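Everything below concerns the one structure shown next.
Chains as they are written, first to last, in the working numbering: chain A, 24 to 370; chain B, 42 to 456.
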């Protein structure tokens, strides 16, 4: 399938988009493209603002060249601002944009995007779309709803059946990872001096707009050093504003509530997440805590479930003695209180 | 060399000599991209593992084995830029084979009651069959296990390996037989290696998904509160597998047998449910709604079908992208048997106590501490208990390697 400039503007991950950027860069150079007051620079800043305030970026149709060029420049500015919460927020917003755009494309178009952008092997078999399993596994393990688990998919002769919408979701996720990887790899020395005022402006504006989290460690039962590695990791991810999946949020919320935190306190933990919505989150937390709804107090999943969902990370010697993260916490707490044995955990 | 030979016990000297004679004639083909793999060896039973070795020529590997006659030989499932770098970070991982480990130690088999024993090293409490996780008497986890080779156990491992290869790796994952190698583990199981560019770069999370798939972990077919659907028998993946499993359970036994095997009562309602479900499965060409009132029965049947259709592999081996794995063609120092490379076809008729035997000639006099009856090559030996016997060299090697016999002074003649 031939792609047009509109496609390159909508889907920055296709080869045509990179080629257009390269051509402009060679012809004009970054200094001209991103000169102060230029449309490209303005649109780049706008993309970042949209990511922060609207959680998605829009599509600027008036000038496709500007739209194509503003994407790599926005990445450069995001990198120069240098806040990992912004990295995650920006990647999430670009993901949302391409996902929504793909929903109105034909199946064949979405298939072509997967092939061109990510070298995925996709078959169109009658009305069915089939994605090679190794391509599927590049992305799907990060999506924790059970229906994404390979075991719950139609897998035959190496291909996983997917709907158009699912394929679009997988492409969008792959794009999100690609953006984060690109930001990580970007060399800050390539940021020209004339961009500095823009970077400073974005930093000042954006950092103050990003929600601040203030986690209160003062609760008497709450001992961070007694947290099992899985929960410690989730807490760290949440503090860094990473977009952690549903199962991870549920685990973190139920764990913190189970060890005595109130929903209002747990709310602060989730404040930095890219899609944070105070009212919704508090509702869920109250629900989980048994304050509203069915009045059932939920407990965190067992170690086995966490393992299956890939949330079990770097288990230590205490882990081998327990089957539940709460059991870990109780055991470790006891050890800390009786002689500080817990500090010498074997790695 | 002389100084070292003196420190070896008579048993070790005997094994060294035989192992060396094996590696002198050794002519195994190299594994894929062997020069990018790390090799590791254990020279003696108690010694440390020699790690981070790499070889640029296959003849160097042969020379190394001839010269050192190691008890155990491993290579990495991973490919590295610098396979001989002393720490894992500077090796620079390039990819890894997909490995499955099927070991009877992890599969309950009824015959284990007959030939396996365990002893608690803490309190001395002992029992037969699969060892418990902790001692039922004193809760200690220090449990010593004595396992024996048995045709029945091996058959179970073989069936598990066939299931893995045919039902999962070929039918679902689409690998070709040329990408799959099987190796007898040298003890009581099989290693299945998949060497393919499709799997090479998969990360740990992706490999965990594959293990969960093979083991049926996280299946949501009979879960959920909403409408439950019955998949057609021909559906891809676990959907069809579960339906076929349920259908096999429903057919082929009487209604009373069926009820008791499911832990349910053979009431009129049960009978009708079985009939309804059977006809639904036979009829279905597409997913269809579960007839009302059968939710509980369906769940029980699905769970049972999953138990029968799943494949028991060691998830730690498959998810580890930097695993050391026994080199096919080498000797297993714990049994003296050859880690025999097998094609999928050869697996079916494979008989380790015939085809994996490295030393087929000669007899040796040994003191056997304990041994149940064992068929070795074409003869049956034992049971022996604390007695001196003259037995085939290969069987003696097997017993000495597994710590069940020692060589008797002057017991070694030409072999």
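Glycine included, C-beta positions come from ideal geometry on N, C-alpha and C. It should be emphasised that the depicted structure is a prediction, and the values quoted were computed from it without experimental measurement.
Query raised in the report: Residues of chain B with a CB under 9 Å from the CB of residue 180/A: which are they?
Result: Residue 180/A sits at position 157 when you count from the first residue of the first chain. Correct list: 211, 212, 213, 214, 215, 277.
Requested in this report: State yes or no: is the C-beta of residue 147/A within less than 8 Å of the C-beta of residue 134/A?
Outcome: Start at 1 with the first residue of the first chain, and residue 147/A comes out as number 124. Start at 1 with the first residue of the first chain, and residue 134/A comes out as number 111. Against a cut-off of 8 Å, the Cβ pair of residue 134/A and residue 147/A comes out as a contact.
Report task. Grab me the residues of residue 282/A's own chain with a C-beta within less than 8 Å of its C-beta, minus the 5 sequence neighbours each way, in chain order. Result -> To locate residue 282/A, count along the first chain from 1; it is residue 259. Take residue 282/A, set aside five residues on each side of it, and the residues of its chain with a beta-carbon closer than 8 Å to its own are 244, 245, 349, 352, in chain order.
Query raised in the report: Below 8 Å between beta carbons: does that hold for residue 407/B and residue 432/B?
Result: Residue 407/B sits at position 366 when you count from the first residue of the second chain. Residue 432/B sits at position 391 when you count from the first residue of the second chain. Contact: yes.
Requested in this report: Could you please tell me which residues of the region 118-136 of chain B, in chain order, have their CB closer than 8 Å to any CB of chain A?
Outcome: none
Query raised in the report: In the DSSP assignment, what are the bridge partners of residue 420/B?
Result: For this step, residue 420/B is matched to residue 379 along the second chain. Residue 420/B is bridged to 417/B.
Report task. Just tell me which of 249/A, 191/A, 292/A, 288/A has its CA closest to the CA of residue 263/A. Result -> As a working mapping, residue 263/A is identified with position 240 in the first chain. It is 292/A whose Cα lies nearest to the Cα of residue 263/A.
Query raised in the report: Do we get a CB-CB distance below 8 Å when we pair residue 337/A with the residues of chain B?
Result: Within the first chain, the letter at position 314 stands for residue 337/A. Interface residue (Cβ-Cβ distance to chain B less than 8 Å): residue 337/A is not classified as such.
Report task. Note down, in chain order, each residue of its chain lying with its Cβ closer than 7 Å to the Cβ of residue 108/A, except the 5 sequence neighbours on either side. Result -> As a first step, residue 108/A is located in the first chain; it is residue number 85 there, counting from the start. Apart from the 5 residues on each side of it in sequence, residue 108/A sits with its Cβ closer than 7 Å to the Cβ of 233, 263, 264, 295 in its chain, given in chain order.
Query raised in the report: Does DSSP put residue 159/B in a helix, a strand or coil?
Result: For the purposes of this step, residue 159/B is identified with residue 118 of the second chain, where counting begins at 1. If DSSP states are grouped into helix, strand and coil, residue 159/B belongs with the strands.
Report task. Answer yes or no: does any C-beta atom of chain B fall closer than 8 Å to that of residue 370/A? Result -> Within the first chain, residue 370/A is the residue found at index 347, counting from 1. Bear in mind that a pLDDT of 28 at residue 370/A, under 50, signals an unreliable position, so the number given afterwards is only what the model happens to contain. Chain B contact via Cβ: absent.
Query raised in the report: residue 132/B to residue 119/B, Cα distance in whole Å?
Result: Residue mapping note: residue 132/B aligns to position 91 of the second chain, counting from 1. Residue mapping note: residue 119/B aligns to position 78 of the second chain, counting from 1. Cα to Cα, residue 132/B sits roughly 10 Å from residue 119/B.
Query - Separation of residue 219/A from residue 33/A, as counted between CA atoms - result: Position 10 of the first chain, counted from the start, is the residue given in the question as residue 33/A. Position 196 of the first chain, counted from the start, is the residue given in the question as residue 219/A. So the alpha carbons of these two residues sit roughly 28 Å apart.
Requested in this report: Compare the Cα-Cα distances from residue 99/B to each of 110/B, 80/B, 85/B, 112/B and report the closest residue.
Outcome: Within the second chain, numbered from 1, the residue matching residue 99/B stands at position 58. The candidate whose alpha carbon is nearest that of residue 99/B is 80/B.
Query - Start and end residues, alpha helix (DSSP H) containing residue 278/B - result: In the second chain, residue 278/B corresponds to position 237, counting from 1. Per DSSP, residue 278/B belongs to the alpha helix (DSSP H) from 278-291.
**Report entry** chain A contact for residue 116/B (CB, 8 Å cutoff)
**Finding:** For the purposes of this step, residue 116/B is taken as residue 75 along the second chain, with counting starting at 1. False, the Cβ-Cβ gap to chain A never drops below 8 Å.
Report task. Along the alpha helix (DSSP H) that carries residue 314/B, what are the first and last residues, could you check? Result -> Walking along the second chain from the start, residue 314/B turns up at place 273. It spans 309-324 - the alpha helix (DSSP H) in which residue 314/B sits, taken as one unbroken run.
Query raised in the report: CA-CA distance, residue 194/A and residue 168/A?
Result: Here the question's residue 194/A lines up with position 171 in the first chain. Here the question's residue 168/A lines up with position 145 in the first chain. Taking the straight line joining both Cα atoms gives about 17 Å.
**Report entry** Test: residue 176/A CB closer than 8 Å to a CB of chain B
**Finding:** Locating residue 176/A in the first chain gives position 153, counting from the first residue. Taking Cβ atoms only, chain B reaches closer than 8 Å to residue 176/A, which makes this a yes.
Requested in this report: Go to residue 194/A, then tell me how far its alpha helix (DSSP H) extends in each direction, as first and last residue.
Outcome: Here residue 194/A refers to the residue found at position 171 when the first chain is read from its first residue. Note, residue 194/A: alpha helix (DSSP H), 187-208.
Report task. Let me know the alpha helix (DSSP H) ranges lying completely inside the region 61-98 of chain B, each 4 residues or longer, listed in chain order. Result -> none
Query raised in the report: Exposed or buried, residue 182/A, counting other C-beta atoms within 10 Å across all chains shown (16 or more means buried)?
Result: Mapped onto the first chain, residue 182/A falls at position 159. Around the beta carbon of residue 182/A, 16 or more other beta carbons sit within 10 angstroms, so the residue counts as buried.
Query - Length-filtered (4 minimum) alpha helix (DSSP H) runs lying within the region 355-412 of chain B - result: 356-360, 385-390, 393-396
Query raised in the report: Would the beta-carbon of residue 247/A be found less than 7 Å away from any heavy atom of the ligand HEM?
Result: As for the ligand HEM, it is missing from this structure, which has no ligand bound.
Report task. Compare the C-alpha of residue 27/B against each of 108/B, 162/B, 121/B, 152/B and name the closest. Result -> Here chain B covers residues 42 to 456 and nothing more, so residue 27/B does not appear.
Query raised in the report: Who are the neighbours of residue 331/A on chain B, taking C-beta pairs under 7 Å?
Result: The residue labelled residue 331/A in the question sits at position 308 within the first chain. Simply 253, 258, 259.
Query raised in the report: Straight-line CA distance for residue 216/A to residue 121/B?
Result: Here residue 216/A is taken as the residue at index 193 of the first chain, counted from 1. Here residue 121/B is taken as the residue at index 80 of the second chain, counted from 1. Roughly 40 Å separates the two Cα atoms.
Query raised in the report: For residue 268/B, which residues from the same chain have a beta carbon less than 7 Å from its beta carbon, with the 5 sequence-adjacent residues on both sides left out?
Result: Within the second chain, numbered from 1, the residue matching residue 268/B stands at position 227. Cβ within range, chain order: 330.
Requested in this report: Out of 366/B, 61/B, 174/B, 359/B, state which residue places its alpha-carbon closest to the alpha-carbon of residue 243/B.
Outcome: Counted from its first residue, the second chain places residue 243/B at position 202. Among 366/B, 61/B, 174/B, 359/B, the Cα nearest to that of residue 243/B is on 359/B.
Query - Residues from the region 145-175 of chain B in contact with chain A, defined by Cβ distance under 7 Å - result: none
Requested in this report: Compare the C-beta of residue 198/A with all C-beta atoms of chain B and state if any pair is closer than 8 Å.
Outcome: Residue numbering aside, residue 198/A sits at position 175 when the first chain is read from its first letter. For residue 198/A, the answer is no, since every Cβ of chain B falls outside 8 Å of its Cβ.
Query raised in the report: Are residue 439/B and residue 371/B closer than 8 Å when you measure CB to CB?
Result: Taking the second chain and counting its residues from 1, the one referred to as residue 439/B is at position 398. Taking the second chain and counting its residues from 1, the one referred to as residue 371/B is at position 330. Their beta carbons are not under 8 Å apart, which means residue 439/B does not touch residue 371/B by this criterion.
Requested in this report: State the beta-bridge partners of residue 184/B as determined by DSSP.
Outcome: Translated into the one-based positions of the second chain, residue 184/B becomes position 143. BP columns for residue 184/B point to 161/B.
Requested in this report: Using a Cβ-Cβ cut-off of 8 Å, state whether residue 157/A counts as contacting chain B.
Outcome: Position 134 of the first chain, counting from 1, holds the residue named residue 157/A. Closer than 8 Å to some Cβ of chain B, the Cβ of residue 157/A qualifies, so yes.
Requested in this report: Can you grab the Cα-Cα spacing for the pair residue 361/A / residue 347/A, in whole Å?
Outcome: As a working mapping, residue 361/A is identified with position 338 in the first chain. As a working mapping, residue 347/A is identified with position 324 in the first chain. Rounded to the nearest angstrom, the two C-alpha atoms are 21 Å apart.
**Report entry** Proximal chain A residues relative to residue 247/B, where beta-carbon distance stays under 8 Å
**Finding:** Within the second chain, numbered from 1, the residue matching residue 247/B stands at position 206. Within 8 Å Cβ-Cβ: 157, 160, 161, 164.
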